[in-house]
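Undergrad: Chains as they are written, first to last, in this note's numbering: chain A, 14 to 512; chain Y, 14 to 512. Here's a structure for you.
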C-alpha cells in the first residue's frame with residue numbers, strides 16, 4: 014500500500030473501525046513487541062508529550078498515528094501510572110479536530126494549573142497549497158480524564174520564525190508562565206529556542222530567542238526541555254542539521270543537552286560556563302526526550318525510541334517504535350549528568366540469579382544459557398580486560414548484540430548491532446562507541462525488552478539505547494575474549510515482568 | 014441514541030475508527046472500571062470463550078460488541094497470561110465475517126490439536142426474515158496468534174433442535190473428540206444438552222441429548238461445560254426458565270452445576286447419584302461460566318460477571334461488564350465443590366495489614382478507615398455472633414455494601430447492595446442469602462475491584478459475586494452489631510495491584 018498524503022491526513026472518522034481493530038491486534042501480537050515499555054496501541058508512536066504529575070498520578074502522552082507505521086495525522090494518546098513503571102493505557106486524549114490543529118495535534122507539554130492538567134501543544138495546520146502553519150494551543154484535562162480544548166491558540170508564530178515553530182514546554186517560574194519552543198529563524202534559517210512569557214495564560218510576551226550558545230544549532234531545534242537539577246538548569250533539545258564539528262553524533266539527528274549555571278527567564282539567557290554539548294544517549298534510536306521537574310523536585314526524562322525520517326523492520330507489521338523507560342536525572346559530584354532507572358523498576362525483577370566468573374568453555378563464558386526476552390543484567394567487568402559481551406546470542410554466537418569492551422589503558426565500549434538481526438538504518442552504521450575511564454571497573458546495567466536494549470554505563474554517566482530485530486530464540490548471554498581465562502566479572506540477572 | 018437492529022448488526026467496517034477510539038478511551042477512563050479483572054476494551058463484554066492452555070500460556074477470549082453497551086454483532090477478543098492473573102490484551106481474534114457467522118461469532122471453546130489452538134464456536138446467522146440459523150464452526154490459532162477459519166461448519170443443527178443450538182465445548186476423550194452443546198428441543202421446547210462425536214473433526218455423529226437429570230431444565234440450556242475433578246464429572250450450565258421448585262435461584266437466569274459419578278460419553282449419559290442442582294455463584298451477576306481441565310489435570314473456571322437481558326449503570330458510558338477472576342475448582346472430603354482464587358492472585362497483594370478485634374467506637378469497629386478501591390480482605394468471624402460487615406462504606410455507614418452475618422444457631426450470610434450505590438436490576442431484589450453451618454467460625458475471602466465484589470465463603474464452598482456502583486470516596490470497612498462489644502474477628506487486608 015502506498016501512503017499518499019491524502020491517506021495520511023484522512024480524518025480518523027473516515028477510517029473504519031474493523032481496520033483499526035485489526036491494526037491493534039497486529040501490533041499487540043507482533044513477536045517484536047516490547048513488554049515493559051510504552052508502545053503504540055497501533056500504528057506509529059513518536060514523541061513523548063505532556064510528561065507530568067497530576068491528581069496523584071504520573072501522566073505521559075505520546076504522539077500517535079494509529080493507522081500505520083507512517084507519520085500521518087497525529088493525536089495524543091494518554092497513559093498514567095502510580096510508580097513511573099506500570100502504565101495504564103487511557104487511550105485517545107487529544108485529537109486533530111479543530112481549525113487550529115486540523116493536520117495534527119503535535120508535541121507539547123503539561124503542567125498542573127488550578128487543579129487541572131494544562132496541556133500545551135502545537136497545532137499543525139496546512140492550507141490548500143500545503144503551506145504549514147503552527148499554532149501553540151491549550152487544553153485542560155480534568156480528574157476524570159476529560160480533555161477540553163481552549164477556543165483560540167495561546168501563541169501565534171511571531172514574524173521572525175518560519176513555519177517551523179513547535180513543541181512548547183510550559184514552565185511556571187515565580188508568578189509567571191514561560192514557554193520554550195523549538196524554532197527556525199526566518200532570516201538565517203537556523204535552529205533556535207524561542208521564549209515566551211505570560212502572567213495569565215492569555216497575553217504572551219515574546220522574549221526572543223534563548224541565548225545559550227554561540228554556535229550554530231543547525232537549521233532547526235525540536236523538542237526543547239528545561240529542567241533544574243540541584244538548581245542547575247539542564248537544557249535538552251534536538252538540533253537538526255547540527256555541524257558535527259560542534260558536537261559529534263552518529264544518528265540522523267541528535268538529542269543533545271547542555272548544563273548551564275543559571276537560567277535567566279526574563280533575560281532569555283542561560284549562563285553556561287561549560288559550553289560543551291553532549292549526546293543524551295550514545296545509542297542508535299533516542300530522540301525527542303521529554304523531561305520535567307516533579308513536585309518532589311526530582312527531574313525525570315522519557316525518550317522516544319525512534320528517529321524521524323527512519324524506517325524500522327516493524328513497519329511491515331504496520332506499527333513502529335516505543336518509549337524508553339523513565340530515567341531519573343541527577344548530577345554527580347563532578348557536575349556530570351546521570352540518568353538512572355527509577356526505583357520502581359526493581360519491582361519488575363524476578364528470579365534473580367548471581368553471575369560470577371566461571372571457567373571458560375570453548376573460549377567462551379556462558380552467563381545465562383537460556384535468558385528470557387525481557388531481562389535486566391547488572392554486570393561489573395573488572396579493569397584491564399578486553400572482550401565482547403554477547404546479548405541475545407544464538408548457540409555459536411554468530412548472531413548476537415555485541416558489547417565490545419576494553420577496560421585497560423585503551424578504554425572504550427562499543428555496541429555493535431550488525432549481527433543482532435535484520436539490518437536497518439544502515440546509512441548510519443551498525444556501531445556506537447563511547448570512551449571509558451582508563452583502568453577502571455566497568456559497571457553495566459542492561460535492560461533487554463524483546464527488541465529493545467537500554468544500557469546504563471557506570472551509574473548512568475552514559476546510556477546507549479537501540480532497537481534490534483533478531484531471531485527470538487537467540488537467548489544466550491556470553492562473554493568472549495582472547496584472554497577468556499583471565500576474564501573477571503560479577504553480576505546479577507533478573508527476568509523482568511511485563512507491565 | 015436508539016439502538017436499532019440495523020445499527021447493532023452493522024459490520025465493523027461500517028463503523029468509523031474515531032468513534033471506536035473514543036469508546037475505548039471512555040471505557041478505560043470510566044471511574045467504575047475494574048483494575049485486576051478482564052474488562053472490555055470498549056463496548057459490551059459477555060461470555061468467556063476458548064479458556065485453554067496453549068503454547069505455554071493460558072488463553073481466554075470474551076464475547077465482545079465493541080460499539081456500545083448492547084448485544085450487537087459479536088466477536089471474540091483474545092487475552093493471554095502466564096499465571097491466570099496477569100492478562101495481556103491481544104485484541105480481536107475472531108470476527109463475524111463469513112456466511113456461517115454473519116450475525117455474530119458466538120460462544121465456544123478451545124483445545125489444543127496438532128500444535129494449534131482449535132477454536133470451536135457458534136456462528137450466528139439471520140436471514141432476510143430475521144430467522145436465526147446456528148452453525149458450529151471451527152478455526153485454528155497458531156503460535157503467532159493468527160486465526161484461520163475452516164471453510165465449512167463442523168456441525169449443522171440436527172432436525173430435533175430449534176434454532177437455539179449453541180455454545181459448543183469440545184473435549185478430547187480417548188481417541189475421539191466430543192462436543193457438548195446447549196440446545197432447545199424442537200418437540201418440547203425444553204432445555205437440553207446435545208452431544209456429538211467425531212474421530213476426525215469432519216464427520217460428526219449426533220449422540221442425542223445428554224441424560225443427566227429427570228427434571229425439566231427450563232426452555233433452553235446455554236453454555237454447558239464439563240470438567241473432571243478427581244475423576245468425577247462436574248457439569249456446569251445455564252438453564253433458562255428453570256422452575257424454581259427444581260432449584261431455587263434469584264437472578265434472571267441461574268448458572269447451575271451438578272456433580273456426577275461417571276460420564277459415559279458414547280452412551281450420552283452422566284450417572285448422578287446426588288441429583289441436586291446448585292447455584293455456582295450465590296451472588297447477583299454470574300453467568301456463562303466456562304471451565305476446563307488444564308494439562309496438569311486441574312480444573313479452572315472463569316465467569317461472565319453480567320447477565321443477559323439486564324441493564325447496568327455503565328451502559329450510560331457505553332461499556333458494560335467484566336469477567337470474574339479465575340477460580341480453581343476442587344472437591345472437598347465430603348465431595349462438595351470448592352472454588353478458590355488461583356495461587357498467583359496472592360502476587361497482586363501489597364501493603365498487608367493485620368486486622369484484629371478492637372474496642373468498638375460509637376457502636377462500630379473500623380477495620381480499615383480508608384481502604385483502597387482494589388483490595389482483598391481475609392476475615393475470620395468467630396462463631397455465635399450477629400452483625401454486619403460494611404464494605405465501601407461512607408463515614409456514617411448510611412451507604413455501604415452490607416454483609417449481614419449470623420454464626421450462631423441461626424447461621425446465614427446475606428449480601429445487601431441496596432445501599433451500595435446506584436440501584437439497578439431492582440426486579441431481582443437487592444439481597445442474596447446463603448445458609449451457613451451453625452456455630453462455626455465464618456471464613457471470608459473478599460475481593461473488591463472498584464465496582465465488583467467476589468466473596469469466597471468458608472474456603473470456597475460458596476461464592477457470591479456482584480457489581481455495585483457507588484460513591485468512589487466510600488472507602489470504610491467496618492463492623493456493626495447490636496453486640497459490638499463482644500464481636501470477635503481477625504484477618505488481613507491487602508491492597509491489590511492493577512494487572
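Here a beta-carbon is modelled for each residue, glycine too, at the ideal position from N, C-alpha and C.
Quick one: is residue 187 (chain A) buried, meaning 16 or more other Cβ sit within 10 Å of its Cβ, or exposed?
TA: So residue 187 (chain A) ends up on the exposed side.
Undergrad: If you measure between the beta carbons of residue 274 (chain Y) and residue 258 (chain Y), is that distance less than 7 Å?
TA: Not in contact: residue 274 (chain Y) and residue 258 (chain Y) (Cβ atoms no closer than 7 Å).
Undergrad: Exposed or buried, which one is residue 421 (chain A) when buried takes at least 16 other CB atoms within 10 Å?
TA: Classification of residue 421 (chain A): exposed, given that the 10 Å Cβ count is below 16.
Undergrad: Measuring only between beta-carbons, confirm whether residue 31 (chain Y) sits less than 7 Å from chain A.
TA: Yes, contact with chain A.
Undergrad: Would you report the Cα separation of residue 40 (chain Y) and residue 323 (chain A), rounded to the nearest angstrom?
TA: In a straight line, the C-alpha of residue 40 (chain Y) is about 34 Å away from that of residue 323 (chain A).
Undergrad: Determine the burial state of residue 128 (chain A): buried for a count of at least 16 other Cβ atoms within 10 Å of its Cβ, exposed for fewer.
TA: Exposed.
Undergrad: Mind checking if residue 124 (chain A) is an interface residue toward chain Y, Cβ cutoff 7 Å exclusive?
TA: False, the Cβ-Cβ gap to chain Y never drops below 7 Å.
Undergrad: Examine chain A for any beta-carbon lying closer than 7 Å to the beta-carbon of residue 37 (chain Y), and answer yes or no.
TA: Chain A, which has a Cβ nearer than 7 Å to the Cβ of residue 37 (chain Y), makes this yes.
Undergrad: For chain Y, check one thing: does any of its Cβ atoms lie closer than 7 Å to the Cβ of residue 34 (chain A)?
TA: Yes, residue 34 (chain A) lies at the interface with chain Y (some Cβ there is under 7 Å from its Cβ).
Undergrad: Alpha carbon to alpha carbon, how far is residue 25 (chain A) from residue 81 (chain A)? Give it in angstroms, no decimals.
TA: Distance between the alpha carbons of residue 81 (chain A) and residue 25 (chain A) is about 12 Å.
Undergrad: Counting only Cβ-Cβ distances shorter than 8 Å, please list the residues of the stretch 101-113 of chain A near chain Y, keeping chain order.
TA: Within the stretch 101-113 of chain A, the residues whose Cβ lies closer than 8 Å to some Cβ of chain Y are 101, 102, 103, 104, 105, 106, 108, listed in chain order.
Undergrad: Around the C-beta of residue 149 (chain Y), are 16 or more other C-beta atoms found within 10 angstroms, so that it is buried, or is it exposed?
TA: Buried is the call here.
Undergrad: Alpha carbon to alpha carbon, how far is residue 117 (chain A) from residue 22 (chain A)? Give it in angstroms, no decimals.
TA: Their Cα atoms are separated by approximately 8 Å.
Undergrad: Could you give the first and the last residue of the continuous beta strand (DSSP E) run that contains residue 145 (chain Y)?
TA: Residues 145-154.
Undergrad: List the residues of chain Y that residue 26 (chain A) touches, going by C-beta distances under 8 Å, in chain order.
TA: Result: 29, 30, 31, 32.
Undergrad: With 16 as the cutoff for other CB atoms within 10 Å, does residue 398 (chain A) come out buried or exposed?
TA: By the neighbour-count rule (16 or more Cβ atoms within 10 Å), residue 398 (chain A) is buried.
Undergrad: Where residue 264 (chain Y) and residue 205 (chain Y) are concerned, what is the direct C-alpha to C-alpha distance, given to the nearest angstrom?
TA: Rounded to whole angstroms, residue 264 (chain Y) to residue 205 (chain Y) spans 20 Å at the Cα level.
Undergrad: Kindly list, in the order they appear in chain Y, the residues whose Cβ is closer than 8 Å to that of residue 326 (chain A).
TA: Result: empty, since nearest Cβ-Cβ is about 16 Å, beyond 8 Å.
Undergrad: What residue does the alpha helix (DSSP H) around residue 42 (chain Y) start on, and which one ends it?
TA: Element bounds for residue 42 (chain Y): 30-42.
Undergrad: Could you tell me which chain A residues have their CB closer than 7 Å to the CB of residue 153 (chain Y), listed as they occur along the chain?
TA: Here the premise fails: no neighbours, minimum Cβ distance about 15 Å.
Undergrad: With DSSP collapsed to three states, give me the class of residue 326 (chain A).
TA: Of the three classes helix, strand and coil, the one that applies to residue 326 (chain A) here is helix, per DSSP.
Undergrad: Within 7 Å (strictly less), CB to CB, does residue 42 (chain A) reach chain Y?
TA: It does; some Cβ of chain Y falls within 7 Å.
Undergrad: With residue 167 (chain Y) and residue 133 (chain Y) assumed to form a contact (beta carbons below 8 Å), what rounded beta-carbon distance in angstroms separates them?
TA: Rounded, the Cβ-Cβ distance is 7 Å, consistent with contact.
Undergrad: The beta strand (DSSP E) spanning residue 480 (chain Y) covers which residue range?
TA: Taken as a continuous stretch (DSSP letters only), the beta strand (DSSP E) holding residue 480 (chain Y) covers 475-480.
Undergrad: Nearest to residue 347 (chain A) by CA position, among A:114, A:213, A:245, A:277, is which residue?
TA: Minimum Cα distance to residue 347 (chain A) is reached at A:245.
Undergrad: At a CB-CB cut-off below 8 Å, which residues of chain Y make contact with residue 511 (chain A)?
TA: Simply 99, 101.
Undergrad: May I ask you to list the residues that DSSP assigns as paired with residue 335 (chain Y)?
TA: Y:318, per the DSSP bridge assignment.
Undergrad: Does the Cβ-Cβ distance between residue 299 (chain Y) and residue 268 (chain Y) come in under 7 Å?
TA: In contact: residue 299 (chain Y) and residue 268 (chain Y) (Cβ atoms closer than 7 Å).
Undergrad: Leaving aside the five residues before and after residue 355 (chain Y) along the sequence, list all residues of the same chain whose C-beta is less than 6 Å from its C-beta, in chain order.
TA: Result list for residue 355 (chain Y): 97, 339, 341, in chain order.
Undergrad: Taking the alpha carbon of residue 270 (chain Y) as the reference point, which residue from Y:293, Y:276, Y:261 has its own alpha carbon closest?
TA: It is Y:293.
Undergrad: From residue 280 (chain A) to residue 189 (chain A), what does the alpha carbon distance come to, in whole angstroms?
TA: Near 14 Å, if we compare the C-alpha coordinates of residue 189 (chain A) and residue 280 (chain A).
Undergrad: Could you tell me the alpha carbon to alpha carbon distance between residue 406 (chain A) and residue 325 (chain A), rounded to whole angstroms?
TA: For residue 406 (chain A) and residue 325 (chain A), the distance between alpha carbons rounds to 21 Å.
Undergrad: Within the same chain, show all residues whose beta-carbon is closer than 6 Å to that of residue 37 (chain A), passing over the 5 residues directly before and after it, in chain order.
TA: Here the set comprises 54, 55.
Undergrad: Compute the beta-carbon to beta-carbon distance between residue 211 (chain Y) and residue 176 (chain Y), rounded to the nearest angstrom, for a pair I have assumed lies under 8 Å.
TA: About 23 Å separates the two Cβ atoms, so there is no contact after all.
Undergrad: For a cutoff of 7 Å on Cβ pairs, would you count residue 158 (chain Y) as touching chain A?
TA: Yes, contact with chain A.
Undergrad: Quick check: the Cα distance between residue 15 (chain A) and residue 511 (chain A), rounded to an integer number of angstroms?
TA: Approximately 35 Å between the Cα atoms of the pair.
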